Every structure is written in C-alpha cells, then in structure tokens.
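**Student:** Count along the sequence shown from 1, add 11, and you get the number used in the numbering used here.
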Amino acid sequence: MSKTTGIGILGAQFAGKFHTEMWRVIPNAEVVAVADLSEKAREGYLKEYGPMKMYEDIDGLLGDPNVEVIDICVPNFLHAPIAIKAMEAGKHVICEKPFATTLEDGQKVVDVQKKTGQKYFYAEDWIFAPALVKAEKLLNEGGIGKPLFFKGKECHNGSHSPFAKTIKYCGGGSMIHVGIHAIGYFLHLLGMPEKVTGCCNGGYEDNFVHKDFEGEDWALAVLHYPGGQKALVEGNYITTGGMNDIMEVYGTDGLIRVDLTFGSPLSVFSKQGISYAVEKAEFTQGWTKPAVNEFESLGYKDELSHFLQCIREDVPQVKSTTAEAGFNVLKIIDAIYRSHREQRTVVL
C-alpha cells in the first residue's frame, strides 16, 4: 500500500488541533478534511493549518470519498452516535475518551462495530505514552518484584468545555472526564477488576470548587483485582498549577513512578513568565518545567501511528484499544458512580 490514508477530523478545536499536529508527523497519513459546526472554529483551524476541505458537520466527512478514517474530537455525548454513523457509512473510527456517556449507547457502538466489521479504535493515550510503555516493560520483566498496589491520577483546575458542566453531555464529572485515563491504563495492565469502591463529590453545592458543575469536581476509586492487587484512581478539577498526571506501582522489591506532565528535562526561571509551560498552568512566572514535545510524551503520536498501522497493514490491534475495551472502561466508571450513590462496593 503506497497511497496515504485520508483522515477526516470531526472537531476543529482543542483536541482536533493536537490530533492534527500528530497526524502531520506520521508518515502515510494525511488530514484531508475537517468538520465543525462553528464557523469561528473552522476559520481558526484554516488560519493555523492552511487550506483544506472544511465541512459544517459529519455528513460532509462521510460523503467525502477521500476520507477513510473519522477521528472523533467532539464533546462526549456525540462520541457514540457519531461512531455508529461513521461505521455504518463504511468509515474506520478513532474516538477520544469516553467511549460513550451511557452503557446503553456503549452497547450500541459495540454491536455496530461487530455488524459492520469496521475498525474502531478507543484512543487512550496513556497506553502509548513512552514513559508508561517503559514502565509496563519493567513490570513484565519483574523489575520491582510482584506488583501489589497501583495509583493513577489526572487532575487539573477544570475543563474549559461548557459541555463538561452537564451530566447529560459529559456522562459524569471529573472521573469520566479525567480519571478515565488511569482506568484505561490499568485495564490495559491488569484486565477487569472484580469490584470497585467509589467516592465522589455530589455536584453543584457539594463540589469543592466548581459549584456550577452538575457532575463531581473530585472523585476517588479503588479497583479490586483477583489475587488481592488494588489500584487507586483519582480524577479532580481542584488542582492548580497545571495538569497533573501521575502513575505509581508499588511492588515487593521496588516501585515505579511516572510523571507525565511535570517530568520535563527542561527547567526555566522567568520573572515575567513564559508563553507556555504545561496544559492548564495558570501562571508561568518563577520556576517552571515546560513540556517538551508534550503530546508525543502523552502518547498521542504513537497511539495514532499504531492505529494507522492496523488500518494499512492489518496488524493486530492492541486489545485495550478495541470497542470492547472502551466499553469495559465505561462499565468500570458506571460501577464507580453506582458505588458512590449506593454507598457500597460494587461487584462487576
């Protein structure tokens, strides 16, 4: 196969832009069209990335014969219906987290994928982040003995998207929006937990900071695995100073710690501040550790490269990126929310 694979990006804003950045450095892929309902977003995208086909909605991408893959970078509530529509139109799908906002919609995506045979890629970047890939190799070689306890979190000061404020559009609060990364990674490492225990803020006035959010702004969960292993997952919107992504493993003979966002080899002291340090950092005066190749470090380039290889060469897909895996992540999150509501540990 020699010709490039045509990528159609749905969503010309934050996620769509950094996916574009990654596609541009991946051989044999070309972003050939972009769709967004917002004229302002389309104009901003064109100004940044140059002329290309622009559509107002998904139908334009689905009707474009040069688009082979739909890369879904839109609000959560659109993930499932768009994925279904794209696969039924004969397109492969790459979808940002979460898989869906309800279990009912998630099951529909799984069913349509099986029916159509189109490739579906659940885009969990942590699985491909170079530091976490290395951590996985060290675990598999027994570098810290028997792993006993895992910790993972993504925390920052709150989503910029207005859709994140409403459960109908987001699917929940900080657990489904940011804690989901650690859940996807632990599913990759450990498989499905046997049971989960969740604790969350209740939204609105019960939240620590974001009183206008229907979903929680702080959430914690313990995932219980066969054999006694446990994983602690946190997702919150109350962390200032920049996005904080940490994964730790404690074993019988050692430990592993990965800092995805503040592990930069670059340190800067600036009196007036610099243009950018890390995602969600409010200020950059004083000492900072600016990200170097931020989205590559977070796994996006290797993630999309793998998906492209699966499409072009039909290589086996990493099992934790399938539609079934995305659905399993959603099942875990649903159980976490049920555990909190019912004040009990939920068996999966």
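Just so it is clear, CB atoms sit at the ideal spot from N, CA and C, and this is done for glycine as well. A quick note: this is a predicted structure, and the numbers were derived from the prediction, not measured.
Can you find at least 3 beta carbon pairs, one from the stretch 29-42 and one from the stretch 309-320, that sit closer than 8 Å?
**Tutor:** yes
**Student:** Consult DSSP for Leu231 and reduce its assignment to one of helix, strand or coil.
**Tutor:** In the sequence shown, counting from the first residue as 1, residue 231 sits at position 220. Looking at Leu231 - three-state DSSP - the assignment turns out to be strand.
**Student:** Counting only the same chain and skipping the five closest in sequence on each side, list residues whose C-beta sits under 7 Å from that of Thr250.
**Tutor:** Numbered from 1 along the sequence shown, position 239 holds the residue referred to as residue 250. Within the same chain, Thr250 has close Cβ partners Cys166, His167, Asn168.
**Student:** With a cut-off of 8 Å on the beta carbons, I'd call Gly190 and Ala242 a contact; round off their distance for me.
**Tutor:** One-based indexing of the sequence shown puts residue 190 at position 179. One-based indexing of the sequence shown puts residue 242 at position 231. Incorrect: roughly 11 Å between the Cβ atoms, too far for contact.
**Student:** On a Cα-Cα basis, can you pick out the residue from Tyr131, Thr112, Met65 that is closest to Ala97?
**Tutor:** Position 86 of the sequence shown, counted from the start, is the residue given in the question as residue 97. Cα-wise, what sits closest to Ala97 is Tyr131.
**Student:** For Asn151, does the count of other Cβ atoms within 10 angstroms reach 16, so buried, or fall short, so exposed?
**Tutor:** By one-based count along the sequence shown, residue 151 stands at place 140. It is exposed - the Cβ of Asn151 has fewer than 16 other Cβ atoms within 10 Å.
**Student:** As a quick exercise: from Gly182, Leu201, Gly128, Glu54, pick the residue whose alpha carbon is nearest that of Gly117.
**Tutor:** Residue numbering aside, residue 117 sits at position 106 when the sequence shown is read from its first letter. Here the closest residue by C-alpha is Gly182.
**Student:** Could you please give me the residues that DSSP links to Tyr66 through a beta bridge?
**Tutor:** Against the sequence shown, residue 66 aligns to sequence position 55. Bridge partners of Tyr66: Ala46.
**Student:** Find out if the Cβ-Cβ distance for the pair Leu271, Ser316 is shorter than 8 Å.
**Tutor:** Here residue 271 refers to the residue found at position 260 of the sequence shown. Here residue 316 refers to the residue found at position 305 of the sequence shown. Taking 8 Å as the Cβ cut-off, Leu271 and Ser316 do not qualify as a contacting pair.
**Student:** For Leu143, count the other beta carbons within 10 Å of its own beta carbon; 16 or more makes it buried, fewer makes it exposed. Which is it?
**Tutor:** For this step, residue 143 is matched to residue 132 along the sequence shown. Leu143 is buried by the Cβ-count criterion.
**Student:** Check the DSSP bridge columns for Glu147 and list the partner residues they point to.
**Tutor:** By one-based count along the sequence shown, residue 147 stands at place 136. DSSP lists no partner for Glu147.
**Student:** Identify every residue that forms a DSSP beta bridge with Leu266.
**Tutor:** Mapped onto the sequence shown, residue 266 falls at position 255. Note: Leu266 sits in a beta bridge opposite Tyr261.
**Student:** Using three-state DSSP, classify Gly55 as helix, strand or coil.
**Tutor:** Counting from one through the sequence shown, the residue named residue 55 turns up at place 44. Residue state, collapsed to three classes: helix.
**Student:** How many whole angstroms separate the CB atoms of Met186 and Glu227, which I take to be in contact at a CB cut-off of 8 Å?
**Tutor:** Taking the first residue of the sequence shown as 1, we reach residue 186 at position 175. Taking the first residue of the sequence shown as 1, we reach residue 227 at position 216. Their Cβ separation, rounded to whole angstroms, is 7 Å, which keeps Met186 and Glu227 in contact under 8 Å.
**Student:** In the DSSP assignment, the alpha helix (DSSP H) including Leu198 goes from what residue to what residue?
**Tutor:** Taking the first residue of the sequence shown as 1, we reach residue 198 at position 187. Leu198 -> alpha helix (DSSP H) spans 191-201.
**Student:** Considering only their Cβ atoms, is the gap separating Gly209 from Ser350 smaller than 8 Å?
**Tutor:** In the sequence shown, counting from the first residue as 1, residue 350 sits at position 339. In the sequence shown, counting from the first residue as 1, residue 209 sits at position 198. For Ser350 and Gly209, yes; Cβs fall inside 8 Å.
**Student:** Alpha carbons only, please: which of Thr299, Val357, Val42, Lys148 is nearest the one belonging to Val80?
**Tutor:** Within the sequence shown, numbered from 1, the residue matching residue 80 stands at position 69. Per the Cα distances, Val42.
**Student:** Whole angstroms is fine: what's the gap from Gly156's alpha carbon to Gly71's?
**Tutor:** Counted from its first residue, the sequence shown places residue 156 at position 145. Counted from its first residue, the sequence shown places residue 71 at position 60. Cα to Cα, the separation comes out at about 53 Å.
**Student:** With C-beta atoms as the reference, is Ile194 less than 8 Å away from Val340?
**Tutor:** Along the sequence shown, read from residue 1 onward, the residue named residue 194 stands at position 183. Along the sequence shown, read from residue 1 onward, the residue named residue 340 stands at position 329. Contact: yes.
**Student:** Between the beta-carbon of Ala146 and the beta-carbon of Met258, is there less than 8 Å?
**Tutor:** Reading the sequence shown from its first residue, position 135 is the one you call residue 146. Reading the sequence shown from its first residue, position 247 is the one you call residue 258. Yes, the pair counts as a contact, with Cβ atoms nearer than the cut-off.
**Student:** Can you check whether the CB of Pro86 is closer than 8 Å to the CB of Phe174?
**Tutor:** For the purposes of this step, residue 174 is identified with residue 163 of the sequence shown, where counting begins at 1. For the purposes of this step, residue 86 is identified with residue 75 of the sequence shown, where counting begins at 1. The answer is yes: Cβ separation under 8 Å.
**Student:** Would Leu359 and Met254 be called neighbours here (beta carbons separated by less than 8 Å)?
**Tutor:** Along the sequence shown, one-based indexing puts residue 359 at 348. Along the sequence shown, one-based indexing puts residue 254 at 243. With contacts defined as CB atoms closer than 8 Å, Leu359 and Met254 fail to qualify as a contacting pair.
**Student:** Quick one: Cα of Lys14 to Cα of Asp75, how far?
**Tutor:** Mapped onto the sequence shown, residue 14 falls at position 3. Mapped onto the sequence shown, residue 75 falls at position 64. Taken atom to atom, the span from the alpha-carbon of Lys14 to that of Asp75 is near 17 Å.
**Student:** On a Cα-Cα basis, can you pick out the residue from Gln296, Phe280, Lys300 that is closest to Val289?
**Tutor:** The residue given as residue 289 occupies position 278 in the sequence shown. When only C-alpha atoms are compared, the closest one is Lys300.
**Student:** What span of residues does the beta strand (DSSP E) with Cys1 cover, start to end?
**Tutor:** The requested residue 1 is not part of the displayed model; the chain covers only 12 to 359.
**Student:** How big is the Cα-Cα spacing for Glu293 and Glu324?
**Tutor:** For the purposes of this step, residue 293 is taken as the residue at position 282 of the sequence shown. For the purposes of this step, residue 324 is taken as the residue at position 313 of the sequence shown. So the alpha carbons of these two residues sit roughly 43 Å apart.
**Student:** Is the beta carbon of Glu107 closer than 8 Å to that of Ala140?
**Tutor:** In the sequence shown, residue 140 corresponds to position 129, counting from 1. In the sequence shown, residue 107 corresponds to position 96, counting from 1. It is not a contact, given that the beta carbons lie outside the stated cut-off.
**Student:** Quick test of your reading: Trp137 and His192, contact by CB under 8 Å. State the CB separation rounded to the nearest angstrom.
**Tutor:** On the sequence shown, position 126 is the one that residue 137 refers to. On the sequence shown, position 181 is the one that residue 192 refers to. Contact flag correct, Cβ pair sits at about 5 Å.
**Student:** Based on the DSSP secondary-structure assignment, which residues constitute the bridge partners of Leu243?
**Tutor:** Numbered from its first residue, the sequence shown carries residue 243 at position 232. Here Leu243 is bridged, per DSSP, to Lys162, Val233.
**Student:** Could you check what DSSP says for His30 in three-state terms: helix, strand or coil?
**Tutor:** The residue you call residue 30 lines up with position 19 of the sequence shown. His30 falls in the helix class under three-state DSSP.
**Student:** For the candidate residues Asp68, Gly61, Gln283, whose alpha-carbon lies nearest to that of Glu50?
**Tutor:** The residue given as residue 50 occupies position 39 in the sequence shown. Of the candidates Asp68, Gly61, Gln283, the one whose C-alpha sits nearest the C-alpha of Glu50 is Asp68.
**Student:** Please report the distance separating the alpha-carbon of Tyr60 from that of Gly17.
**Tutor:** Residue numbering aside, residue 60 sits at position 49 when the sequence shown is read from its first letter. Residue numbering aside, residue 17 sits at position 6 when the sequence shown is read from its first letter. Rounded to the nearest angstrom, the two C-alpha atoms are 16 Å apart.
**Student:** Would you identify the three-state DSSP class for Phe132, choosing helix, strand or coil?
**Tutor:** Along the sequence shown, read from residue 1 onward, the residue named residue 132 stands at position 121. Three-state DSSP puts Phe132 in a strand.
**Student:** At the level of alpha carbons, what is the spacing between Lys206 and Thr112?
**Tutor:** In the sequence shown, counting from the first residue as 1, residue 206 sits at position 195. In the sequence shown, counting from the first residue as 1, residue 112 sits at position 101. Using only the alpha carbons, I get a separation of about 21 Å.
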